Amino acid sequence: MPNKKPAPDIYQWVLAQLALPASACLAIEDSANGLKASRAAGLATVITRTAYTDDHDFTGALALLPDLGEVSVPLLRHWHSHAYDSDKKM
């Protein structure tokens, strides 16, 4: 990729490769740059904080989690299904 995060290039490339719209996908990130990249590509984004990124600004994230240990696929699908209904900015 020519541009690294926070540029959305990698997400745009993956969406093109999969032939999917951003609205059909959900990103999982752990940094502010990752969130900026995914949101710039139009993706709803779940954040897992780390010791290195705990102080980052995660405004615009769909959810902030300490980890993915208790997150199920049905829960991710539920969040995703409501992301575009409740947040018209996406």
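Residue numbers for the sequence shown follow our numbering, beginning at -3 and rising by one.
Glycine included, each C-beta is placed from N, C-alpha and C at the ideal position.
From a predicted model like this one, the values you see are computed outputs, not experimental measurements.
Please return the same chain residues whose Cβ sits closer than 7 Å to the Cβ of residue i, not counting the five positions on each side in sequence.
{"i": "Asn29", "result": "Lys1, Pro2"}
CA-CA distance, residue i and residue j?
{"i": "Leu39", "j": "Thr55", "result": "14 Å"}
{"i": "Asp51", "j": "Asp26", "result": "11 Å"}
{"i": "Lys32", "j": "Gln8", "result": "13 Å"}
{"i": "Leu14", "j": "Ile43", "result": "22 Å"}
{"i": "Lys84", "j": "Leu58", "result": "Because Lys84 carries a pLDDT of 47, less than 50, the predicted location of this residue cannot be relied on, and the following value inherits that uncertainty. One C-alpha to the other measures close to 12 Å."}
Buried or exposed: where does residue i fall if 16 or more other Cβ atoms within 10 Å of its Cβ makes it buried?
{"i": "Pro4", "result": "buried"}
{"i": "Leu71", "result": "exposed"}
{"i": "Arg35", "result": "buried"}
{"i": "Thr41", "result": "buried"}
{"i": "Ala47", "result": "exposed"}
Who are the Cβ neighbours of residue i in its own chain at under 6 Å, not counting the five residues just before and after it?
{"i": "Cys21", "result": "Leu39"}
Within a Cβ cutoff of 8 Å, which residues of the same chain sit near residue i, ignoring the five residues on either side of it in sequence?
{"i": "Asp53", "result": "Ala28"}
Residue i by DSSP, collapsed to three states: which one?
{"i": "Leu39", "result": "coil"}
{"i": "Ala59", "result": "strand"}
{"i": "Ala15", "result": "coil"}
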